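Just so we're aligned, residue 0 is where the sequence shown starts under numbering that gives the first Met the number 0, counting upward by one. Virtual Cβ for every residue (Gly too), placed ideally from N, Cα, C. None of the values given here were measured: they were computed from a predicted structure. Okay, so here's the structure we're looking at.
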Amino acid sequence: MNILRVALDVPLPRLFDYLAPNSDESDIGRRVDVPFGKGSKTGIIVGLSAESEQPENRLKAVGAILRDMPALPPDWLALCEFCARYYQTPLGEVTSFALPPMLRRGKLPRMPKAPAVAVSPAPSSRDTVPGVEARDMTFAATALPALLPAQQAAVAALTAAREFQTFLLHGVTGSGKTEVYLRAIAEVLAGGGQALMLVPEIALTPQLESRVAARFPGAQVVCANSGMADAARARGFLDAQAGRADIVLGTRLAVFMPLPRLRLIVVDEEHDASFKQQEGLRYSARDVAIWRAQQRNIPIVLGSATPSLETFHHAGGGRYRLLELPERAVAEDMPSVRVVDTRRQKLQEGLSAELLGALELRLERGEQSLVFLNRRGYAPVLACPPCGWISRCRRCAANLVLHLADRRLRCHHCGFEAAIPRACPDCGNVDLLPFGRGTQRLEAMLGERFPQARVLRIDRDSASTPKKWQALLASIHDGEADILVGTQMLAKGHDFPRLTLVGAVGADAALFAADFRAPERLFAQLMQVGGRSGRAALPGEVLIQTEHPQHPLYRALQAHDYASFALSQLAERRIAGFPPFSFQAMLRAEAREMAQALDFLATARAAAEPLAAEVTLYDPVPMRMQRLMALERGQLLVESLSRPALQAFLGKWMERLYTQKMPAGLRWHLDVDPLEF
Ligand code: ADP
Ligand code: ZN
Ligand code: ZN
C-alpha cells in the first residue's frame, strides 16, 4: 500500500498520512493538495511508506499531487527537517515558511520565456546541469582595483577552501569586505557554482543589487526578501532551484532558497539582529547558513566590523578561521572618536557646546553631519506635571510616544494611536509637557538653531516605505541635506562621501540595560554609525555625549579596538555563564491574566524537571515588557552548558507540551537561542 507522509502547516509536531495509489519515490518533495478537516490544505510530501500508525480505514486519499514544478530536492527537505528539529517547530510550519507564499498556496508564477541571446561556450570546469545553458561569467569590463595584501589573502583563503569551513572576515566599514566577497563569488561562478549572499534587512538596497549585478553582467542575480511581490519571489525561487540563478542575494529568508550548485555562502554584517526571526519559526539565518554549508560541505564566510560575541569566540577558539582586514581600502584614517562629558555642562535641548560647535564648523565647510539618536518620535512621553498623568498605552506596559509631525500619540509596541489630548484627561490642565527627546524634537531644535541648514530626519517614520527610504538616500547623496538626524537606520551599508561628523546622543541608556547583550549592540551601532563618517578624502570625527566618559566601552571605541571590547565582554560572560559559554532557550507564554501565563509556565517547568539532565530550569517570571496588546506575558529560561544536552531535553519537553491540553486563551512558544530578553 502506498502511503504519503505529508508536512502540513498546522501547529502539531507530526506528519499526516494519506493514501496515494499512483505515486512513487519521485513524488517526495512535491506539493500536494489534501483534504484536511472540513476543507483542504496544500502540503509537501516528505516521505513514502508502506504502513501508517493510523488505522487504514481512517486514511483519506490525497487530492492532486502538483507535478507542475520540479520536486524540492532532498537537501532542501533535510534543511527544513534540521530547522524543525533544532527550533522545535513542526516540519509543516517550517516547509511552509521556507516556500515563497505563492508556491506555498499551490500556485505557480508565470515564467518568462528564456531570452534568445547568444551564449559563449562554457568553461570546461563548469558543471552542467540539465536544462541550464552555460552563460558567460566574465567580469564587468571596468577595471577592478588591485586588492590590498590582506584582501588578497582573504580571497585566496576563501577560494582555496574546497570543504566546509567557517570564516570570519573581520574588518571595519570600508575595509573592502564586499570587494572580497565579490572576488570570491567570481571564482565560484567561473567554476560553475552558485553563491548565496545574505545581508541584513536594511542593507538590501537597490545600490547593493546594482553593485552585484554590475560586477557580473553575464550572471543571473536573484533577489529574495519579504517585501517582494509574490510572483517575483516565486520566480526567483524556481530560478534558483533550476540552477538558472547564479547568485542569490537576500535577507534572512534567502537561506531557504534551493541551490543545486551552491559553492559559497556569504553572511554580511553577521552580527545583525535581523538575521534572527522574532516570530513564527524563530530561526537564526546565520546559524542555519552555517549548518547548510556543513551539509553541502562548502565554505561560508561571516563578515562584520563588530562580529557577534558568539562568532568572535569561535574565531578565537579556532573553530572558525579568522581573516582580518586591518585597514580601510581607500587610504584614509579611521575617524577620530571623542567623548563629551555632559555631566558638568548645561545642554541645549540635549546637545553639548562641543557638538553644536562641530556642527557649525561642518556647515561653514559645506560638509554633512549626522546626529544619531536611537529613539524616534518627538518625545518618549507626554506628561501633566501638576497631577502626574503620563501618556500610557492601555494595551501595553509602555508609554505612548508623542509624534508632533502628524500630531499623534503612538505606541511603538502595538501600533495603537490616538490624537494628542487638548487637556489632561485626569485633571483638565491644558499645559501638557513632552518629556525626553526623540528624533523629531532634535530635528526641530536643529532647524531653529541653524536656520540656514537643511535638516533631514531619517527614521522608520520618515522612511516608512522602501520608496521613501530610497528617496531620502538619494537626497543625501545628492547633497541636499546638511544635517541628518537619524536612528540606526542610517548606520548600515551606506556611503555618504561628504559626511564628516557623527554626533551620538543618548547612547548611555544601553550601558546599564538589563539585557546582557545591550553593550554588544551599542558598541556595534556606534562603530557602524561612526564608520559612516570620513569615507572619502575628508577625515571624519565622532563625538559621543555621555555621563560615563571613562566607561570601557567608550574607551575601546576611541581606540577602534573591537577586540579588547569583545574580550572584556567575553570575560564577563564567562563568569556569568551567559552565551557563548552556555546555551539557552526561552519558553514564553501570554494570556489575559499574568497568573494564567505564569501558571502555565510553572506546569511546564514541573513537566521539565524529570527530563532536565544537565539543564538548568529557571523560575517563571513576567517578561520585562510584561504586557503587549492587552496580553500579559511571562517567560521561563532554560540553560545548559551543552548544546546537545539542551537539544535532547527540548525534544522530550516539547513532545509533552504539544500534547498537553492548554487553557483557553493561552498561547505559548519556544525560542531557541533567544536574542531578546
Ligand atoms: P566594506 O564592505 O568593508 O564596507 P567595500 O568592499 O564596500 O568595504 O569597500 C569600500 C570602498 O573601497 C568601496 O568603494 C570599494 O569599491 C573600495 N575598495 C575596496 N577594495 C579596494 C581596493 N583594493 N582598492 C581600491 N578601492 C577598493
Ligand atoms: Zn501598545
Ligand atoms: Zn493632569
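Note on Lys660: under 16 other CB atoms within 10 angstroms of its CB, so exposed under the neighbour-count rule. The closest heavy atom of ligand 3 lies less than 6 Å from the beta carbon of Asn428. In its chain, beyond the 5 residues on either side, Met333 have a beta carbon closer than 6 Å to the beta carbon of His559. Per DSSP, reduced to three states, the secondary structure at Ser51 is coil, with no helix or strand assignment.
When only Cα atoms are considered, Gly437 and Ala396 end up about 19 Å apart. Annotation: the continuous beta strand (DSSP E) that includes Phe15 extends over Phe15 to Leu18. Collapsing the DSSP output to three states places Met227 in coil. In the DSSP assignment, Cys79 falls within the unbroken alpha helix (DSSP H) covering Pro73 to Tyr85. The C-beta separation of Glu638 from Ala357 comes to about 45 Å, leaving the pair out of contact by the 8 Å criterion.
In this structure, Thr172 has its CB closer than 6 Å to one or more heavy atoms of ligand 1. Beta-carbon to beta-carbon, Arg374 and Gly502 are separated by about 14 Å, too far to satisfy the 8 Å threshold. Under DSSP, Glu631 shares a beta bridge with Ala590 and Arg626. With a cutoff of 6 Å, Asp229 does not count as near ligand 3, since its C-beta is closer than that to no heavy atom of the ligand. The C-alpha of Met593 is placed about 12 Å away from the C-alpha of Gly664. Distances from the CB of Trp468 to the heavy atoms of ligand 3 are all 6 Å or more.
In terms of side-chain proximity, the C-beta atom of Val329 is found nearer than 6 Å to a non-hydrogen atom of ligand 1. Taking the Cα positions, Pro578 is about 10 Å away from Phe515. Boundaries cannot be given for Glu608, as no alpha helix (DSSP H) includes it and DSSP labels it neither H nor E. Looking only at Asp494, Phe564, Ala523 and Leu556, the smallest Cα-Cα distance to Ala536 is reached by Asp494. Membership of Ser474 in any beta strand (DSSP E) is not indicated; the residue belongs instead to the alpha helix (DSSP H) covering Pro465 to His476. Ala97 sits away from Ile43, with the two beta carbons spaced by 7 Å or more.
Straight-line spacing of the CA atoms in Tyr617 and His668 works out to 16 Å.
Distance from the C-beta of Glu178 to the nearest heavy atom of ligand 1 is below 6 Å. Leu71 sits away from Leu18, with the two beta carbons spaced by 7 Å or more. Under the three-state reduction of DSSP, Met488 is assigned to helix. Relative to the Cα of Arg407, the nearest Cα in the group Ala153, Ala418 and Gly414 belongs to Ala418. According to the DSSP secondary-structure assignment, His402 is paired through a beta bridge with Arg407. A straight line joining the alpha-carbon of His312 with that of Gly192 spans about 31 Å. By the criterion of a C-beta distance shorter than 7 Å, Leu636 is surrounded in its chain by Gln583, Met585 and Tyr617, once the five residues flanking it on both sides are discounted. Residue side-chain check: Arg394 places its Cβ nearer than 6 Å to a non-hydrogen atom of ligand 2. For Gly36, the closest alpha carbon among the candidates Val9, Gln568 and Ile27 is that of Val9. Counting along the chain, the unbroken alpha helix (DSSP H) around Asp286 starts and ends at Ala284 to Arg295. Residue pairing for Met196: DSSP places it in a beta bridge opposite Leu248 and Val265.
In the structure shown, Leu146 adopts coil according to DSSP, grouped into three states. Put simply, the backbone Cα of Ala605 is about 45 Å away from that of Asp23. CA-to-CA, the gap between Met196 and Ala189 works out to about 17 Å.
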